[in-house]
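Accompanying notes for the structure given below.
Residue numbers (the working numbering): 2 to 103.
The structure is reproduced here in structure tokens:
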């Protein structure tokens, strides 16, 4: 399955740590996974070391047009079957598309 995981969470927390464990596990079990995360060099390095494709975006406030446009292009290019938003902030930026939003 083609999965896009969108994480705009804090630097460290329970959800963020679970995300860092789940994402590589999904890839190891044969899913095509891309992670689109709020800028976090340590998290990005950890995911890349596990073989996960990572894109980092600012995920700022409502007027963060950079994230809106880049996220749309990333998702349209990857063509996921499912897009998983890991926070209210992440879900706010996920555009409608042919994918299932979770």
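Note that CB positions come from ideal geometry on N, CA and C, so glycine has one too.
Report buried or exposed for residue i, applying the criterion of at least 16 other Cβ atoms within 10 angstroms of its Cβ.
i           : result
residue 5   : buried
residue 91  : buried
residue 101 : exposed
Using a threshold of 8 Å, state whether the C-beta atoms of residue i and residue j are closer than that.
i          : j          : result
residue 45 : residue 38 : yes
residue 86 : residue 35 : no
residue 84 : residue 95 : yes
residue 10 : residue 17 : yes
residue 28 : residue 51 : yes
residue 41 : residue 12 : yes
Please list the terminal residues of the continuous alpha helix (DSSP H) segment that includes residue i.
i          : result
residue 9  : Careful: residue 9 lies outside any alpha helix (DSSP H) and carries neither H nor E.
residue 40 : Segment: none, residue 40 is in no alpha helix (DSSP H) and carries neither H nor E.
On the three-state DSSP scale, how would you describe residue i?
i          : result
residue 57 : strand
residue 95 : coil
residue 33 : strand
residue 86 : strand
Nearest to residue i by alpha carbon, out of the options?
i          : options        : result
residue 71 : 33, 58, 49, 20 : 58
residue 69 : 97, 80, 43     : 97
residue 56 : 43, 19, 29     : 43
residue 26 : 53, 14, 15     : 53
residue 93 : 64, 77, 79, 81 : 64
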